[in-house]
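Start counting at 1 in the sequence shown, then tack on 490, and there's your number in this note's numbering. Since the structure comes first, as structure tokens, the remarks are kept for the end.
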Amino acid sequence: MQLTVEIPDSLADQLKAAGMDPARIALEAWRDSVADADAREAIRQAREDVQAGRTVPLHQGFAQFREKHGLDR
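Structure below.
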């Protein structure tokens, strides 16, 4: 996969003057944006599951887990 990011020359010059690699900064920003998008999608799916009734209350889920695995409270 090839990723092309254009960084304005003035910003690239400032980053270089501060001892930073513009390509690395761009990659980190891209990774952060992907992680943010993934988190937003996970939250959207979770809300959809709650609204559709595909979840159980936490205390009920723990009780089911304890029963399934033979754990005492």
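Note that the Cβ used here is the ideal one computed from N, Cα and C, for glycine as well. Bear in mind the structure is a predicted one, so any value in this text is a computation, not a measurement.
- Contact annotation: residue 512 and residue 519 have beta-carbon atoms that are not nearer than 8 Å.
- Residue 538 has its alpha-carbon roughly 14 Å from the corresponding atom of residue 529.
- Taking C-alpha positions only, residue 549 is separated from residue 524 by approximately 33 Å.
- The C-beta separation of residue 516 from residue 495 comes to about 4 Å, placing the pair in contact by the 8 Å criterion.
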